[in-house]
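Here the working numbering = 1-based position in the sequence shown + 97. Even glycine gets a Cβ: it sits at the ideal position worked out from N, Cα and C. If you're wondering where the values come from, they're calculated on a predicted model, not measured in any experiment.
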Amino acid sequence: PRPVGQEHYDVARGVQKILQDYKSLQDIIAILGMDELSEEDKLTVARARKIQRFLSQPFQVAEVFTGHAGKLVPLKETIKGFQQILTGEYDHLPEQAFYMVGPIEEAVAKADKLAEEHS
């Protein structure tokens with residue numbers, strides 16, 4: 098097995114942290130609602146939810162069940178996509194755009210398509 102590079106490690110830790118922060122906010126959200134969160138916490142929640150959906154890469158073996166063609170995304174592209182979500186590059190995109198896509202560019206294209214459908 099090859100060692101994980103520093104960028105991969107840093108991005109993976111960033112993803113873990115934001116998902117853990119989101120988990121710790123879920124009780125507050127359940128009791129008080131999203132409106133009571135600080136702007137920073139709302140951003141954490143939004144990015145975590147996008148990350149959760151981006152983790153749903155469609156697999157070829159599941160195509161018969163999901164109806165989505167399988168995608169093979171190179172590791173470098175996957176790391177880049179998560180890094181861009183963490184840094185807020187895609188804060189303006191709806192979270193549903195990240196569900197069942199391959200590379201991050203597909204999420205952008207899906208967001209454009211969703212915007213077209215709603216206009």
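Phe162 and Val198 have their C-alpha atoms some 15 Å from each other. Apart from sequence neighbours up to five positions away, the residues of its chain that approach Leu190 with a beta-carbon distance below 6 Å are Ala208, ordered along the chain. Secondary structure of Phe156 (DSSP, three-state): coil. By the 16-neighbour rule on beta-carbons within 10 angstroms, Lys120 is exposed. Within the same chain, and ignoring the five residues on either side of Leu211 in sequence, the residues whose Cβ sits closer than 8 Å to its Cβ are Pro191, Gln193, Ala194. Taking C-beta atoms as the reference points, Tyr187 and Lys139 fail to come closer than 9 Å. A contact is defined here as three or more CB-CB pairs under 8 Å, and the stretch 124-135 fails this definition with respect to the stretch 176-187.
The beta carbon of Ala145 is closer than 8 Å to those of Ile115, Leu116, Asp118, Tyr119 in its chain, skipping five residues each way along the sequence.
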